[in-house]
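Every number in our numbering is 906 more than the matching position in the sequence shown, counting from 1. Every residue, glycine too, gets a C-beta built ideally from N, C-alpha and C. Keep in mind it's a predicted model, so treat the numbers as computed, not measured. Here is the structure we will look at.
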Amino acid sequence: MTVRERTPLLRGPRGTLRRTGVAWIFVTPFVVMFAVFWAGPLLAGLGMSFTDMRSTDVRDPLGVNLVGVENYLRLFDDELMRQAALNTLVFVVTALPLTLALGLAAALALNSGIARLPAAFFRLGYYLPHITSIIGIAVAWRFLLEPDAGPVNQVLGAVGIDGPSWLADESLALPVIIVMTAWRSFGFDMVVFLAALQGIPRELYEAAEVDGAGRWDRFRSVTLPMLRPVLLFCTVYSSIGFTQFLEEPLVMTRGGPAGATTSASLAIYNEFGSGNYGYAGAAATVLFTVIVALAVLQFRVGRSR
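See the structure below:
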């Protein structure tokens, strides 16, 4: 049977029904996973946030009481939660532009052919940390920054510099995690930026050169405008991930010293671990709302420009 003979089978009401059924066959696995692993826990957390549910109430649901917005009001009086929110804000505001800048710089360098070795070698090397286990990277960095036996302080000691206790100093612990996260994450942005750079028509650069535009003028007038959609995507993607950073402080500092690296996600994780399900559910709901609002704001600002 030829293609022309098969085509009528996909037309009309029966054809529409058949196409719809095929579509649902492919979509159903995702819908099930979405409902079980994302929408279900989200709704469960939202429901718990209006109760005083604790771990001891799991076997006795009748002991759970509705408390309304009491858990939400308690968040504003919790010094630990306020500190965690501030740490998360500092982390996002600092790590996001650093990651984007490193990714764009690496992409520009590879796109210009500055690397003598094959570009694929550098793409793999820069991207590899992004797909490596966060736990493994955090453990490796913790070993490198050990105050006594760590290679970093040993190298500093060899040149007469007394290395600090990187992860035990309140003023250094969070910056160290920010630097580590930017190093681990910029490879993803680099790959995306590089793909976008290679898609920019050469005619635009040639026209700019004819008009007498220098390298900086070409970057500002041609490259950046053409990268705006990709820049928006990387900004939203990284913001969502950075707002939820958890594994880095959990493995490297346990949130210390003195709460200097406790993130919002880590504080929520600790509350769940302590059995405060209702309070943790309220904190998780607020964090989710902030992430959604931040993404919507970034999309609106990006599209308006």
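Item: Cα-Cα separation between G1042 and R1090, rounded to whole angstroms; Value: 12 Å
Item: In DSSP terms, what T957 is bridged to; Value: L972
Item: Segment contact flag, the stretch 1044-1058 with the stretch 1068-1075, C-beta cutoff 8 Å, min 3 pairs; Value: yes
Item: Within 8 Å, strictly: CB atoms of L875 and F1151; Value: There is no way to answer for residue 875, as the model of the chain reaches only from 907 to 1211.
Item: The stretch 1086-1102 touching the stretch 1029-1040, judged by at least three CB pairs closer than 8 Å; Value: yes
Item: Limits of the unbroken alpha helix (DSSP H) element including T1087; Value: 1079-1104
Item: Inter-stretch contact (C-beta, 8 Å, three-pair minimum) for the stretch 1100-1120 and the stretch 970-985; Value: no
Item: Pick from F1205, G1184, T1038 that is closest to Y1143, judged by C-alpha positions; Value: F1205
Item: Nearest to V1176 (by Cα), restricted to the options T1191, A1164, R1160, N993; Value: Residue 1176 is actually Asn in this sequence, not Val. Looking at the Cα atoms, R1160 is the closest of the given residues.
Item: A1038, buried or exposed, once every other Cβ within 10 Å from all chains shown has been counted against 16; Value: For the sequence presented, residue 1038 should be read as Thr rather than Ala. By the 10 Å Cβ count, T1038 comes out exposed.
Item: Three-state class that DSSP yields for L1051 in the structure shown; Value: coil
Item: Outcome for M1086 when other beta-carbon atoms lying within 10 angstroms are tallied against a minimum of 16; Value: buried
Item: Rounded straight-line distance, which links the Cα of S955 to that of R925; Value: 42 Å
Item: Alpha-carbon to alpha-carbon, A950 and R1124; Value: 52 Å
Item: Residues of its chain near A1188, where Cβ-Cβ distance is below 6 Å and the 5 sequence neighbours each way are ignored; Value: S955, N977, Y978
Item: DSSP-derived helix/strand/coil call for P1070; Value: coil
Item: Reduced DSSP category for S1144 - H, G, I as helix; E, B as strand; rest coil; Value: helix
Item: Residue range of the alpha helix (DSSP H) that includes F997; Value: 985-1017
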